[in-house]
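The numbering used here applies: residue 1 is where the sequence shown begins, and numbers increase by one. C-beta atoms are modelled at their ideal positions from N, C-alpha and C, and glycine is treated no differently.
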Amino acid sequence: MTMPHDSSAAIDPVKLDRLAEIAVKVGLRLQEGQDLFLTAPVAALPLVRRIVEHAYKAGAGLVTPLFSDELITLARYRFGHDAGFDRAAGWLYDGLGKAFAANTARLAIVGDNPMLLSGEDPAKVSRASKANSVAYQPALEKITGFDINWNIVAYPGASWAKLVFPGENEAGAVAKLADAIFAASRADVADPIAAWEAHNAALRQRRKWLNEQRFHALHFTGPGTDLTVGLADQHDWQGGASFAKNGITCNPNIPTEEVFTTPHARRVEGHVRSTKPLSYQGTLIEDIAVRFEGGRIVEAKASRGEAVLNKVLDTDEGSRRLGEVALVPHSSPISKSGILFYNTLFDENASCHIALGQCYSKCFVDGPTVTPEQVAARGGNKSFIHIDWMIGSDKIDIDGVHEDGRRVPVFRKGEWA
């Protein structure tokens with residue numbers, strides 16, 4: 001094992017500070033006296049320090065960071081006892097559940113190499129992932145249910161940067177990835193807070209139109225795709241800033257270009273092909289092609305990573321059904337950058353996408369008060385997983401379908417119609 005070099009000098013400190021401010025003031029809208037729990041790779045320490053500073057300036061109560069490290073993660077897979085891969089730190093997740101119940105805000109910084117586990121035993125990776133998912137589920141439900149304000153931002157870790165820009169030296173790759181992150185996150189403008197206010201207003205207009213239409217389903221057509229996605233009863237379109245049950249309006253994803261809602265888990269029919277690779281726990285899954293019957297995937301293929309895809313689909317009863325459908329124009333800034341980030345936070349904002357697994361209870365007209373039983377009755381899906389993959393391109397058309405069969409153009413050739 002070799003120790004990574006410190007390449008943080010290649011990152012513009014002014015823009016990094018703006019990103020930290022965006023995370024606290026736009027992503028979280030952290031409140032006076034509110035505690036904050038954040039996770040980050042050790043490589044992201046420069047960003048963590050700035051976020052903590054902005055959090056305390058905003059009046060945070062207690063900020064608690066938890067760090068991960070690529071070499072420590074690899075050590076588990078290379079030297080850990082076999083039985084350990086069916087276990088997770090349940091005590092930690094129990095504590096997170098208590099923290100979220102006490103209105104602690106949640107911030108995640110991503111930045112590790114998305115392909116870190118590509119050389120490890122896929123069975124161990126799958127077992128560890130399932131154990132973590134099961135242990136995390138009670139705490140995760142407070143996030144997917146928007147009980148609290150939460151946010152994800154990115155830091156240009158060196159190993160991730162070299163994956164995205166393999167032709168560059170380490171410093172050059174980090175500088176390029178940093179610039180791409182800053183541009184997508186609107187940290188490269190003089191007044192990023194105002195830029196986010198304008199962007200949220202534009203997404204709000206899209207949401208408003210879709211919610212006024214009250215579509216019964218969306219019909220996607222294009223190369224390899226003829227898919228009808230039924231929409232959950234009393235669904236509500238979301239996107240940009242979201243209102244959490246604790247009364248705080250937050251931007252969960254920085255960046256974000258999508259409007260999204262909850263599909264009906266039992267009313268999805270047809271076939272669909274992915275338009276971008278899915279990077280999942282160290283495996284690149286390419287050319288995904290699936291067929292739905294009665295809302296459930298009954299056939300799944302991939303030109304690469306098919307075995308991993310099928311393991312994911314067998315996670316639980318809900319993992320073959322949809323928990324999200326999202327609309328993103330092909331002309332989004334991330335799409336126009338032409339960069340494959342190997343990271344869903346960015347790649348999902350380059351393209352329309354669907355997600356296998358857990359739905360967002362937030363995406364119902366009575367989201368703040370809807371019960372789990374009501375979510376299920378209206379078609380919302382439940383699962384230990386939530387995995388987005390991209391199905392949009394400049395060749396995809398989407399029609400909104402009303403309950404009486406009337407059709408309204410929503411997208412033509414990848415753009416809003």
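| Item | Value |
| --- | --- |
| Segments of 4+ residues assigned as alpha helix (DSSP H) that fall wholly inside the region 46-96 | 70-79 |
| 3 or more residues per run - each beta strand (DSSP E) lying fully within the region 327-396 | 353-357, 386-390 |
| Limits of the unbroken beta strand (DSSP E) element including residue 221 | 217-222 |
| Near the ligand NAD: residue 82 beta-carbon under 7 angstroms from a heavy atom | Although the ligand NAD was asked about, the structure shown includes no ligands whatsoever. |
| Supposed contact pair residue 230 and residue 267 - C-beta distance, whole angstroms, cut 8 angstroms | 3 angstroms |
| Three-state secondary structure (DSSP) of residue 4 | Confidence in residue 4 is poor, its pLDDT being 49 and thus under 50, which makes the residue's placement unreliable; the coordinate value appears in the next sentence. Note: residue 4 maps to coil in three-state DSSP. |
| Per DSSP, cross-strand counterpart(s) of residue 280 | 283 |
| Nearest neighbour of residue 182, chosen from 12, 349, 162 [CA to CA] | 12 |
| Neighbour-count burial assignment, residue 402, 16 or more Cβ in a 10 Å radius | exposed |
| Buried or exposed by the 16-neighbour rule on C-beta atoms within 10 Å, applied to residue 149 | buried |
| Enclosing beta strand (DSSP E) for residue 308 [first to last residue] | Where residue 308 is concerned, there is no enclosing beta strand (DSSP E), although the alpha helix (DSSP H) it sits in stretches over 306-313. |
| Helix, strand or coil at residue 168 [DSSP, three-state] | coil |
| Same chain only: Cβ atoms within 7 angstroms of residue 86, ignoring 5 sequence neighbours per side | 127, 131 |
| C-alpha distance - residue 32 paired with residue 61, whole-angstrom precision | 7 angstroms |
| Distance between beta carbons of residue 239 and residue 396, contact taken as under 8 angstroms | About 18 angstroms; that fails the 8 angstroms criterion. |
| Within 8 angstroms, strictly: CB atoms of residue 109 and residue 56 | no |
| Residue burial classification, residue 423 (beta-carbon count within 10 angstroms, cutoff 16) | Only positions 1 to 417 of the chain appear in the structure, and residue 423 is not among them; the question remains open. |
| C-alpha distance - residue 144 paired with residue 407, whole-angstrom precision | 31 angstroms |
| Per-residue burial, residue 248 [other beta carbons within 10 Å of its own, 16 or more giving buried] | buried |
| Inter-residue Cα distance where the pair is residue 125 and residue 281 | 7 angstroms |
| Start-to-end residues for the alpha helix (DSSP H) that takes in residue 244 | Premise fails: residue 244 is in no alpha helix (DSSP H) and is neither H nor E. |
| Residue nearest to residue 92 in terms of C-alpha spacing, selected from 263, 329, 135 | 135 |
| The alpha helix (DSSP H) enclosing residue 208, as first and last residue numbers | 192-213 |
| Beta-carbon proximity of residue 174 to residue 7, cut-off 8 angstroms | yes |
| Option nearest residue 398 by Cα separation, candidates 10, 27, 227 | 227 |
| Distance between residue 219 and residue 299 (C-alpha atoms, nearest Å) | 19 angstroms |
| Span separating the alpha-carbon of residue 116 from that of residue 163 | 10 angstroms |
| Which listed residue (71, 72, 43, 30) has its alpha carbon closest to that of residue 53 | 30 |
| Start and end residues, beta strand (DSSP E) containing residue 251 | Segment: none, residue 251 is in no beta strand (DSSP E) and carries neither H nor E. |
| Residue 377 versus 17, 66, 317, 232, residue with shortest Cα-Cα distance | 232 |
| Residue range of the unbroken alpha helix (DSSP H) whose run includes residue 301 | That residue, residue 301, is in no alpha helix (DSSP H); its beta strand (DSSP E) goes 296-301. |
| Beta-carbon proximity of residue 390 to residue 351, cut-off 8 angstroms | yes |
| Candidates 216, 316, 296: closest to residue 404 by CA position | 216 |
| Alpha-carbon spacing of residue 46 relative to residue 63, whole angstroms | 16 angstroms |
| Three-state secondary structure assigned by DSSP to residue 405 | coil |
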